[in-house]
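What follows is one structure encoded as structure tokens, with my remarks underneath.
Residue numbers (the numbering used here): 955 to 1042.
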């Protein structure tokens, strides 16, 4: 069984490195992007793995958008980028 991970802030420094690590470990990686991020820079950090990711728009302050993504992805692991430092 392939594990699915959902990463908030996947387009930031921590999220992009984590996505690379999880892809190397065989995960199916999904990421949350903020809809109001600057479009031309939104996925620049993900260029090397962009084709292997599944990206969704949501906002951590909008419960409906989070529920929609969680129901769509059904992740085995949910990693909020603010907690990433605590996980390692």
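C-beta: ideal position from N, C-alpha, C; glycine also.
- Per DSSP, residue 1023 is one residue of the alpha helix (DSSP H) stretching across 1017 to 1027.
- In the three-state scheme derived from DSSP, where H, G and I count as helix and E and B as strand, residue 1012 is classed as coil.
- The beta carbon of residue 960 is closer than 8 Å to those of 984, 985, 986, 1023, 1024, 1027, 1029, 1031, 1032 and 1033 in its chain, skipping five residues each way along the sequence.
- Residue 999 has no beta-bridge partner at all, per DSSP.
- Under the Cβ criterion (8 Å, minimum of three pairs), the region 965 to 978 counts as touching the region 996 to 1016.
- Sixteen is the threshold: when 16 or more other Cβ atoms of the shown chains lie within 10 Å of the Cβ of residue 964, as they do, the residue is buried.
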